[in-house]
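Notes for the one structure printed next.
Numbering (the numbering used here), first residue to last: 307 to 557.
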């Protein structure tokens, strides 16, 4: 009975998805969504080319400042909780600081590489003048982010000495996870699974948007194959670790 009901529900969901796909296709063709996406893409590129250096300076720096503010706020909150001998510490600001730090590091690397790649193909006097400034900014910010991350981890270690804290160790992530208790490990595993469930459909949506833009202006094969590569890596790695966890072959 349950099997029959499950098959029926699956059929209903499949039919609804097919109907939704058809409606989206009809709607997109009526409003010329490909032209809209192409226009939006061209406007975005034009804006970026005019303000590339400013964007590179502002975005990572803004995230770094947010990380600093969250760090000092979290540090003050934790000290107050410890002084009051609270059982549960309010670590929200500290966790947000770690989030902003990681985003700042990613944005610093991504926009520096994008800035270099964009203008190496079309160098001009302004680009040459800013080349060494961009490199110096990248190095200084990268070093400061490592320093701030070290301060953050050391502070966490001050009230949780059981956690591994040497961020300069190449195997830091693994040892940090192993040093956590079972509850925290379970939370990390759940967060990783939920992130995977969000990222994979997001890549699919990006592929669909890329296809719509390409119907009006072909963007080349490279973006499609890069998205395919990311999707493939995500699927294979997930199933590999799910099937061979603890060294045991899955079903």
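A virtual CB, placed ideally from N, CA and C, is assigned to each residue, including glycine.
1) Which ranges would you report for the alpha helix (DSSP H) in the stretch 462 to 543 if only whole runs of at least 4 residues count?
2) Any idea what DSSP makes of residue 392, helix, strand or coil?
3) Three or more C-beta pairs closer than 8 Å, one from the stretch 382 to 393 and one from the stretch 470 to 477: is that the case here?
4) Quick one: using the 10 Å Cβ neighbour count with 16 as the cut-off for buried, is residue 444 buried or exposed?
5) Just to confirm before moving on: does the CB-CB distance between residue 451 and residue 410 stay below 8 Å?
6) Would residue 371 and residue 407 be called neighbours here (beta carbons separated by less than 8 Å)?
7) Take every Cβ of the stretch 360 to 368, pair it with every Cβ of the stretch 410 to 425, and state whether three or more of those distances are shorter than 8 Å.
8) In its own chain, which residues sit with a C-beta less than 8 Å from the C-beta of residue 512, not counting the 5 before and 5 after it?
9) Just to check my reading of the structure: residue 403 and residue 376 have Cβ atoms closer than 8 Å, yes? What is that Cβ distance to the nearest angstrom?
10) If you count every other CB in all the chains shown that lies within 10 Å of the CB of residue 441, and 16 or more means buried, which is it?
11) How many Å lie between residue 413 and residue 424 at the Cα?
12) Report buried or exposed for residue 336, applying the criterion of at least 16 other Cβ atoms within 10 angstroms of its Cβ.
13) Could you tell me whether the Cβ atoms of residue 516 and residue 507 are closer together than 8 Å?
14) With a cut-off of 8 Å on the beta carbons, I'd call residue 395 and residue 384 a contact; round off their distance for me.
15) Report yes if the C-beta distance between residue 509 and residue 483 is below 8 Å; otherwise report no.
16) For residue 386, does the three-state DSSP call read helix, strand or coil?
17) With burial defined as no fewer than 16 other Cβ atoms inside 10 Å of the residue's Cβ, what is the status of residue 465: buried or exposed?
18) Applying the 10 Å Cβ sphere with the 16-neighbour rule, what's the burial state of residue 526?
19) Would you call residue 439 buried or exposed, if buried means 16 or more other Cβ atoms sit within 10 Å of its Cβ?
20) Excluding the five sequence neighbours on either side, which residues of its own chain have a C-beta within less than 7 Å of the C-beta of residue 436, listed in chain order?
21) To the nearest angstrom, how far is it from the Cα of residue 491 to the Cα of residue 501?
The short version:
1) Segments of the alpha helix (DSSP H) lying fully in the stretch 462 to 543: 478 to 485, 488 to 522.
2) coil
3) These segments do not touch.
4) With 16 or more neighbouring CB atoms inside 10 Å of its own CB, residue 444 falls in the buried class.
5) yes
6) Note that the C-beta distance between residue 371 and residue 407 is not below 8 Å.
7) yes
8) Excluding the 5 residues flanking it on each side, residue 512 has same chain C-beta neighbours closer than 8 Å at 533, in chain order.
9) 4 Å
10) exposed
11) 16 Å
12) Interpretation of residue 336 is limited by its pLDDT of 49, a score under 50 that renders its predicted location unreliable; the figure taken from the coordinates is listed afterwards. By the neighbour-count criterion, in which a residue is buried when 16 or more other Cβ atoms sit within 10 angstroms of its Cβ, residue 336 is exposed.
13) no
14) 6 Å
15) no
16) helix
17) exposed
18) exposed
19) exposed
20) 359
21) Roughly 15 Å separates the two Cα atoms.
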